[in-house]
Amino acid sequence: MSHTFHISKSHRHLKWDNSLQPIATVPSGSTLTFDLLDGGHNQFTATSTTASITTFDFSLADPAHGPIFIETAEPGDVLKIEFLSLKTASYGWTSIFPGSVGFGLLHDEFPDPMLKIWDLESHREEGYTVFKEGIHIPINPFLGVVGVAREQEGEWSTIPPYETGGNIDCKHVTVGSILYLPVKVRGALFSCGDGHAAQGDGEVCGAAIETPMEVTVRLSVVKGMKWVESPHYVTSQQHTANLVRGGAKGEYASLGIDADLREASRKALRGLINWLVAEKGLTREESYILCSVAADLKIVEAVDMPHFGVACSLPLGVFVGPPYI
0 MSHTFHISKS HRHLKWDNSL QPIATVPSGS TLTFDLLDGG HNQFTATSTT ASITTFDFSL
60 ADPAHGPIFI ETAEPGDVLK IEFLSLKTAS YGWTSIFPGS VGFGLLHDEF PDPMLKIWDL
120 ESHREEGYTV FKEGIHIPIN PFLGVVGVAR EQEGEWSTIP PYETGGNIDC KHVTVGSILY
180 LPVKVRGALF SCGDGHAAQG DGEVCGAAIE TPMEVTVRLS VVKGMKWVES PHYVTSQQHT
240 ANLVRGGAKG EYASLGIDAD LREASRKALR GLINWLVAEK GLTREESYIL CSVAADLKIV
300 EAVDMPHFGV ACSLPLGVFV GPPYI
């Protein structure tokens, strides 16, 4: 028998903690709908401006909605999460927080705050949002936070990812995708949140297109998948087709080479920003935000020590009109 449950935005927590009381107990195979706050706890609205950043409370960031107790889930099992529907709000936001906050891959090079509000409604049917005239960003909704409780006791921040999921920020786990998480406690204690309308691999400025979201998932307990010791996922055919279509015009990429993987990533990102400023006429802040929502960090070389090679690549398909083409 199919079961459907609804979880409101009021049922949220800011720490992973296996002692939290579940807000619902559901059988394996149940479908759940969630009304989610955005990753900033809805502190920004469609009318917010850069001045709003000064009052942002980081202690409220990345709320997770739940937890959900799934019957028959035991340590050693795997929780299968099927993403059935992901609908963004009519607006989203991307921010550059001041360099002193220490948020973002190049936070020390961007001392000034910036907040961009995105219109996610006007071109919803066409599947994109406008960065600025001549630059379109494909909308590809997904959840940044998807996880189950850790086996370790105590409170654990919702901001980093863990082997049990959490803030994995993986843009490939979208509608039609399946995510597998290792169960560490009885009932699994599933939670989710942090809706994104679009993001590049790396989320380099510290924010994607953050948005409240309506979500439908199916949760099923799977026995015997002993190889799943961290998040594993299967993408949908549609997502793969979207990636191919989005890169149909090719990519421009900058390579970062360094013995430190993070520094190689910083060099790659810095190079792509420099190209956007020099060749496309964007400001450094605009370039940083564009990279965060549309460019991908890729490890292209990891065996020829002592150096790593990291590419920061931007699909040229985001440029749709003058003065950018």
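Under numbering that gives the first Met the number 0, the very last position in the sequence shown is 324; numbers go up by exactly one each time. Positions of the beta carbon are idealized from the N, C-alpha and C atoms, including for glycine.
* Is DSSP giving Gly316 helix, strand or coil here? -> Helix at Gly316.
* To do: Taking all protein chains shown into account, decide if Thr163 is buried (16 or more other Cβ within 10 angstroms of its Cβ) or exposed.
  => So Thr163 ends up on the buried side.
* To do: Mind reading off the beta-carbon distance from Pro112 to Thr49? Whole number of angstroms is fine, and I expect it under 8 Å.
  => The C-beta separation of Pro112 from Thr49 comes to about 6 Å, placing the pair in contact by the 8 Å criterion.
* **Where Gly308 falls: helix, strand or coil (DSSP)** => Residue state, collapsed to three classes: strand.
* **Residue interval of the beta strand (DSSP E) (run including Thr3)** => According to the DSSP assignment, Thr3 belongs to the beta strand (DSSP E) that extends over 3-6.
* Three or more beta-carbon pairs under 8 Å between the region 196-207 and the region 83-97, yes or no? -> The way I'd put it, the region 196-207 does touch the region 83-97; three or more beta-carbon pairs between them come closer than 8 Å.
* Give a yes or no on whether the C-beta atoms belonging to Phe130 and Ile138 are separated by under 8 Å. => Result no, Cβ atoms of Phe130 and Ile138 do not sit closer than 8 Å.
* **Euclidean distance between Cα positions of Ser253 and Glu300** => Approximately 13 Å, taken between the alpha carbons.
* Could you tell me the boundaries of the alpha helix (DSSP H) in which Leu242 lies? => First-last of the alpha helix (DSSP H) with Leu242: 236-245.
* To do: Assign Thr30 to one of three DSSP states: helix, strand, or coil.
  => The answer is strand: DSSP assigns Thr30 an E or B state.
* To do: Mark Thr53 as exposed unless 16 or more other C-beta atoms lie within 10 angstroms of its C-beta, in which case mark it buried.
  => Burial is judged here by how many other beta carbons sit within 10 angstroms of a residue's own beta carbon; Thr53 has fewer than 16 and is exposed.
* **Close-in-space but distant-in-sequence residues of the same chain around Ser219 (CB under 6 Å, 5 per side omitted)** => These residues qualify, in order along the chain: Ser27, Gly28, Lys79.
* Asked: When you compare only the Cα positions, how much space is there between Leu242 and Ser264?
  -> Going by the C-alpha atoms only, they are around 22 Å apart.
* Limits of the unbroken alpha helix (DSSP H) element including Val276 -> Boundaries of the alpha helix (DSSP H) harbouring Val276: 260-279, taken from the DSSP string.
* **Cα-Cα separation, Ala293 to Phe318** => Their backbone Cα atoms lie some 11 Å apart in a straight line.
* In angstroms, rounded to a whole number, what distance separates the CA positions of Pro322 and His106? -> Those two C-alpha atoms are separated by around 29 Å.
* To do: Write down the C-beta distance between Phe330 and Leu260 rounded to the nearest angstrom, noting that I regard them as a contact closer than 8 Å.
  => As displayed, the chain neither begins before 0 nor continues past 324, which places residue 330 out of reach and without an answer.
* Report the rounded CA-to-CA distance for His10 versus Glu213, giving the unit in angstroms. => Between the C-alpha atoms of His10 and Glu213 there is a straight-line separation of about 14 Å.
* Sheet register partners of Trp15 (DSSP bridge) -> The partner list for Trp15 (beta bridge, DSSP) reads Trp155.
* **alpha helix (DSSP H) runs contained entirely in the region 31-113, provided each spans 4 or more residues** => Entirely contained in the region 31-113, not one alpha helix (DSSP H) run reaches 4 residues.
* Taking all protein chains shown into account, decide if Val233 is buried (16 or more other Cβ within 10 angstroms of its Cβ) or exposed. => Val233 is exposed by the Cβ-count criterion.
* Asked: Is it true that the region 223-231 meets the region 271-279, where meeting means three or more beta-carbon pairs spaced less than 8 Å apart?
  -> Segments in contact, no.
* Asked: What is the C-beta distance between Phe102 and Tyr287, in whole angstroms, given that I count them as a contact (C-beta under 8 Å)?
  -> Cβ atoms of Phe102 and Tyr287 stay farther apart than 8 Å, at about 12 Å.
* On the three-state DSSP scale, how would you describe Ser121? -> DSSP places Ser121 in coil when its eight states are reduced to three.
* **When Ser58, Leu296, Ser84 are compared against Leu35, the one with the closest alpha-carbon** => Closest in C-alpha terms to Leu35, from the list Ser58, Leu296, Ser84, comes Ser84.
* Asked: Secondary structure at Val184, three-state DSSP: helix, strand or coil?
  -> Reduced to three states, the DSSP call for Val184 is coil.
* Asked: What's the C-alpha gap between His40 and Glu209?
  -> One C-alpha to the other measures close to 10 Å.
* To do: Would you mind giving the Cβ-Cβ distance between Phe33 and Val174, rounded to the nearest angstrom? I have them listed as a contact below 8 Å.
  => Not confirmed; about 14 Å, so no contact.
* Drop a sphere of 10 angstroms on the beta-carbon of Asp295, count the other beta-carbons inside from all chains shown, and report buried for 16 or more, exposed for fewer. => Buried: at least 16 other Cβ atoms inside 10 Å.
* **Rounded separation between Arg149 and Asn17 - CA only** => Linking Arg149 to Asn17 through their CA atoms gives a straight-line distance of about 6 Å.
* Asked: Is the beta carbon of Leu114 sitting closer than 8 Å to the one on Ser47?
  -> Cβ distance < 8 Å, so Leu114 and Ser47 count as in contact.
* To do: With a cut-off of 8 Å on the beta carbons, I'd call Leu271 and Cys311 a contact; round off their distance for me.
  => 4 Å between Cβ atoms; contact.
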